[in-house]
């Protein structure tokens, strides 16, 4: 079998090397968040970049046991007491298109919009207008905008404020803000939600769209470990009873409510 | 269905609360590693505690594409290009008893040894001697000691040095060092490997044994995201060919080599 | 990399061979259940063996959406609409020690008891007595006996009746029945539940204990596919709301009910 | 929490009901394959339908340890010896778009083509021509056609022969055969591979496209259990070494081969 090639890391007898940095040097001087940045970008972040990535990882780390990922992990933990890795992995599997998928979709929209602006030498506002119009025509929801409870997500102004203070390039934030402005005119007032905020900031930090999903997984796994710990220590096995109502074929062959 | 109880976190319309701390406060002031500590211990760590937990998360974050977790994630990524969460989850599933299980087993040994020392009012060295003797009688390997390549793991002295400087209580480190000393007399010289080192330090930081598995999962998931990213961007789908040799029943019904 | 050795199957340009049988022959003449038997035992089953394995696969195929495996699959399906494999895999992950683990534990008990009887040339009844006494002393529950709703599981007499008609060797059934009889005297009357019944029959069919877990997974995956199909076709995404009650640290730092 | 509604199954104190059939009746009279059909279609199949579904489940059950799903399961089994469910689930996660995704894509193409034929009252051959032309214009590969080793898959004529003998409606087979014929004229001669064959037959059996993925998972899980069994019984833990070659940033900061 051919060797697998990698530019991420390698190890020899004395050391593990991450993107050319010695593991022991990283352990002594770098935070975990800096190493997450290093793993994906091949360089350590500046202090401002590190603060933004920390804020994003923290923003997604937990949302209570009722969120789909935590509920899945706890349900598996309740039935499988000897395999905590199975409970964590099951929670990760719920992080698909519906649960936290908007960040990835929003980064793709931002990238498409900014590529269009640069390629066609048009204003970001004009690119945002074309993108929103296209979404309206295809009857698709704009990713990163809107909220179930109709209030502004408090994480959005915080992230944007931190980004402003840190002096990032900011085309991502500029574009999503332009999208929000166009949407206000063509659809209705919609807040930028946390998916939209982190998508814009991650774009401005230089990450590709897929990293929106990865940053959510890395951050959320921390919360899942706390949820599974609590399930193991506070609850008895097999405690979770889902109430069920049958409305299919009856034993006598008739359809109807059981 | 009864409500699920939790003391980890909750959210209302305006805020998410993690162990009583407002999410936006944490985003503004805390690092991700501090929040990992908060999620599991219910308080933010001191600067020294934070540095040790950072060092441990970094220590386990990646070990190249050939480690079981990364190889599993890349194999799934090669076959399933549209579901990165499936690739990450599959890698997590390989983190069982053999791959990174020694940290958990070592924390359980440390806890058992120190409980014995406190309960029976004996010296830590004496408790270590009884524990090692028991492992020898049951013909079990001592978790956290020994290394495949027979050299000292460079991460061990670094972690122990950082712990000493930070002035942690240190009974975990004292115990594993006593175990190593007894093992030298009764078995042979064995280095404390990284699993043993992180088990001792995590014990001294106040974490329960299960956290040894969780800290490995949290740290390693970061590496897995980088491995899957690289698989998607550098390799073509379905590239991985495992060489196979059949030695079972032959079509004519005879056993033998194919 | 060294080749991976296998005696299960291999393929060449013209054919896939399963335990020496040509895939196209199997497709033309064998049922799926017969091939499950072939994969694990290296020969096709007799008609009676096939009927028993069919009955066991059917017995475990589904138990409604509220069982832990189905609930997990549906929860993931609700959040991840584009990756049905993730939903099925998550359900499989709940099949641990508590959910369907009793079959494996019971097969191990049967194997241990019969090995003891043969090794020490004692009656099966005597071996059962020693095993039950040992479980009582270790304060462990007997796997395969007892039921939450205290009634006899209708699947048990059916399986035992089918086994009797088919003229299987029957030491597994003899042993579990002896265990039940000893338990009646030393503990209380306990029905043999479906885990105990399938463990005994699988033993008599020549399968090792691990197959109790595998047969449950193979059978249940069929049910999970139907549950996930129904979730996708009848329900809207992200519909599942778990009710949550917080009882941890309050924002002001006080403990207490929220 | 609202009850979860289901028309698949329910249980009461005495019985489990699958689509209105008593579990004990099914165990006594039905094969597992018949119950797979029942779970998805709400009725038991005819003998001919059962034979075709058996042939398809058998056709996909195993392809040796080198196939992505089996290789993933064995890699996890090598590292995680105490959680066989984790090994099986990891294998399932590799069944994405690239590995066995063609069956689902082909069923969607067949459904789209036949819907077009019925809606626009055109010949199946004409619908096939439009579909193929569309794929060519979008530069997409036709799912279900073509083969890596350029020979005809022996499973295709077998399945089509069995379908013909059983007198199925056959529009699925008619359509894929028409697609093959158009492709011969407009592209090049391409065999119908096993994904195309099972897609056509499953369509003719009345299953929706998603079932192509499910039938592959149900069948393949049987093979995965045999692969994991063999890994546990024949191999030592952590045996699998993936050869790795590093080509990233060097410790001194230079790019280049290590």
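Residue numbers (the working numbering), protein chains in the order written: chain A, 1 to 258; chain B, 1001 to 1258; chain C, 2001 to 2258; chain D, 3001 to 3258.
Where is the CB? At the ideal position from N, CA and C, for every residue including glycine.
Just so you know, these numbers come straight off a predicted model, no measurement behind them.
Here residue 3227 of chain D is buried: its Cβ has 16 or more other Cβ atoms, across all protein chains shown, within 10 Å. In the structure shown, the three-state DSSP call for residue 7 of chain A is coil. Residue pairing by DSSP places residue 246 of chain A opposite D:3006 in a beta bridge. Rounded to the nearest angstrom, the Cβ distance from residue 3094 of chain D to residue 1224 of chain B is 15 angstroms, too far for a contact under 8 angstroms. Bounds of any alpha helix (DSSP H) do not take in residue 2122 of chain C, whose DSSP letter is neither H nor E.
No Cβ of chain D is located within less than 9 angstroms of the beta carbon of residue 152 of chain A.
Per DSSP, the continuous alpha helix (DSSP H) segment holding residue 3218 of chain D begins and ends at 3210–3234. CA-to-CA, the gap between residue 3102 of chain D and residue 1021 of chain B works out to about 49 angstroms. Considering only beta carbons, the part of the region 2018–2049 of chain C lying closer than 8 angstroms to chain D consists of 2018, 2023, 2024, 2026, 2027, 2028, 2030, 2031, 2032, 2033, 2035, 2036, 2039, 2040, in chain order. Counting only Cβ-Cβ distances below 7 angstroms, residue 1072 of chain B has contacts in chain D at 3072, 3075, 3076, 3090, in chain order.
For the region 80–111 of chain A, residues whose beta-carbon sits nearer than 9 angstroms to a beta-carbon of chain D comprise 80, 82, 83, 85, 86, 89, 90, 93. Contact of residue 2213 of chain C with chain B is not assigned, every C-beta pair being separated by 9 angstroms or more. For residue 3018 of chain D, the uninterrupted beta strand (DSSP E) segment begins and ends at 3016–3018. Chain-ordered, the chain D residues with CB closer than 7 angstroms to the CB of residue 1241 of chain B read 3066. Here residue 9 of chain A is buried, its C-beta having at least 16 other C-beta atoms within 10 Å.
For residue 44 of chain A, the three-state secondary structure derived from DSSP is coil.
Considering only D:3144, D:3066, D:3007, D:3184, the residue with the shortest C-alpha distance to residue 3039 of chain D is D:3007. The beta-bridge partner set that DSSP reports for residue 145 of chain A consists of A:192. Among the residues facing chain B, residue 196 of chain A is not included, as its CB has no counterpart in that chain under 9 angstroms away.
In the three-state scheme derived from DSSP, where H, G and I count as helix and E and B as strand, residue 1021 of chain B is classed as strand. With a threshold of 16 other beta carbon atoms within 10 Å, residue 54 of chain A meets it and is buried. CA-to-CA, the gap between residue 1091 of chain B and residue 3087 of chain D works out to about 10 angstroms.
At a cut-off of 9 angstroms, the C-beta of residue 1001 of chain B has a neighbouring C-beta in chain D. When secondary structure is reduced to three states using DSSP, residue 2027 of chain C falls in the helix class.
Non-local beta-carbon contacts of residue 3044 of chain D in its own chain, meaning distances under 6 angstroms to residues more than five positions away in sequence, involve 3034, 3038 in chain order. Chain B places no beta carbon closer than 9 angstroms to that of residue 135 of chain A, leaving this residue out of the contacts.
Only exposed fits residue 121 of chain A, as fewer than 16 other CB atoms lie within 10 angstroms of its CB. Here residue 79 of chain A carries a helix assignment [DSSP, helix/strand/coil]. Below the 7 angstroms Cβ cutoff, chain D contributes 3064, 3065, 3066 as neighbours of residue 1244 of chain B, in chain order.
Note that the region 171–185 of chain A does not touch the region 62–71 of chain A; fewer than 3 beta-carbon pairs, one per stretch, sit closer than 8 angstroms. For the set B:1096, B:1083, B:1183, B:1052, the Cα lying nearest the Cα of residue 1068 of chain B is the one of B:1096.
In terms of Cβ geometry, residue 1005 of chain B and residue 234 of chain A form a close pair [threshold 9 angstroms]. Restricting attention to alpha helix (DSSP H) runs no shorter than 4 residues, the region 154–209 of chain A encloses them at 155–166, 171–186, 194–204, ordered along the chain. Residue 222 of chain A and residue 2049 of chain C have their C-alpha atoms some 48 angstroms from each other.
The beta carbon of residue 11 of chain A sits no closer than 9 angstroms to any beta carbon of chain C. Judged by DSSP in its simplified three-state form, residue 1140 of chain B adopts coil rather than helix or strand.
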